[in-house]
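Numbering (this note's numbering), first residue to last: 1358 to 1572.
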Ligand code: B16
Ligand code: MG
C-alpha cells in the first residue's frame, strides 16, 4: 500500500468497542418490543448502519407510526448513552494514542468519519481530540454508509483527494462506502466479513503501528 496523505478512522468498532454497546442498546429495545434479535444479526446487518436503518431492520414488517419510530430511536439512543456514560481513555484500543501520534509524526493527516451522532461525546470521553485533524459525524451527512459521503466529506476536511486516503473500517457497509469514494480500505475484523472488498484486513487495531497499516 502506498504511503497515504490522510488516514481516516471509523470510530465505533475500530478505535473503541462501542459497537458492542450499540448492540446491547438495540437488544434492550428489541426485548421491550418482544421482537427476537441476535448478536449474529447485529454483526451481519447492523454494523456501521445508521440509527433509522438499524431500527427498520429490527422492526421489519411490523407497522408503526412515524411518531412511534421516532420514540423508539430516542429510546435506543437513551439506552446507548447510559452504556457509554462511564467510558474513559481506557476504552481506546490499546496503543491507540501511540498509533495516532506516529501517523501525525509521519506528516499524515488523521480524521474520524463516523456515522454516529454520538461520535463527539465518545471522542471526548476517549480524550483523543488533540490527535485528530478533523471529525466528520452523523450530523454532517444525509446518506449514510454504504454511501461514500461521510468519507468524502472527511477527506475534504483534511484537504486530501480520496485516492490518497486510507480508511480503517470494521463494517462491511463502511468498507463498501470507502471503496465507492475511491479510497483504499483496511477492514478491521474477521477476514470473512470483507471478502473481496477490502484492500487489506487486520483482525483488530491493538498495538498496531503505521507500518502494519501500510505494509
Ligand atoms: P448513532 P461508526 C455507527 O458508527 C455505528 O457503527 C452504528 O452501529 C450506529 O447505528 C451508527 O453509527 C449511528 O449511530 O445512533 O449513535 O447516531 O461505526 O460509523 O463510527
Ligand atoms: Mg464502525
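Glycine included, each C-beta is placed from N, C-alpha and C at the ideal position. This one's a predicted model, so the numbers in the text were calculated from it and none came from an experiment.
For the ligand B16, I want to know if residue i counts as a neighbour, meaning its beta carbon is within less than 8 Å of at least one of the ligand's heavy atoms.
| i | result |
| --- | --- |
| residue 1379 | yes |
| residue 1400 | no |
| residue 1561 | no |
| residue 1437 | yes |
| residue 1406 | yes |
| residue 1433 | yes |
On a Cα-Cα basis, can you pick out the residue from the options that is closest to residue i?
| i | options | result |
| --- | --- | --- |
| residue 1442 | 1364, 1482, 1386, 1497 | 1482 |
| residue 1491 | 1503, 1502, 1457 | 1457 |
| residue 1545 | 1383, 1389, 1366 | 1366 |
| residue 1512 | 1502, 1484, 1469 | 1469 |
| residue 1479 | 1358, 1556, 1494 | 1494 |
| residue 1401 | 1551, 1439, 1497 | 1551 |
| residue 1475 | 1380, 1547, 1437 | 1437 |
| residue 1543 | 1396, 1570, 1421, 1393 | 1570 |
| residue 1560 | 1572, 1547, 1553 | 1547 |
| residue 1473 | 1378, 1358, 1361 | 1378 |
Could you check whether the Cβ of residue i sits closer than 8 Å to any heavy atom belonging to the ligand MG?
| i | result |
| --- | --- |
| residue 1403 | no |
| residue 1370 | yes |
| residue 1526 | yes |
| residue 1376 | yes |
| residue 1367 | yes |
| residue 1336 | This structure does not reach residue 1336, given that the chain is present from 1358 up to 1572, and the question cannot be answered. |
| residue 1553 | no |
| residue 1544 | no |
| residue 1531 | yes |
Round the Cβ separation of residue i and residue j to the nearest angstrom and send it over; I've been treating them as touching at under 8 Å.
| i | j | result |
| --- | --- | --- |
| residue 1430 | residue 1408 | 5 Å |
| residue 1363 | residue 1515 | 5 Å |
| residue 1574 | residue 1410 | In the structure as shown, the chain starts at 1358 and stops at 1572, and residue 1574 therefore has no counterpart that could be examined. |
| residue 1386 | residue 1432 | 6 Å |
| residue 1452 | residue 1563 | 6 Å |
| residue 1484 | residue 1446 | 5 Å |
| residue 1467 | residue 1440 | Their Cβ separation, rounded to whole angstroms, is 26 Å, which puts residue 1467 and residue 1440 out of contact at 8 Å. |
| residue 1405 | residue 1530 | 4 Å |
Taking DSSP's pairing of strands, which residues face residue i in a bridge?
| i | result |
| --- | --- |
| residue 1519 | Paired residues: none, contrary to the question. |
| residue 1369 | 1373 |
| residue 1525 | 1366, 1543 |
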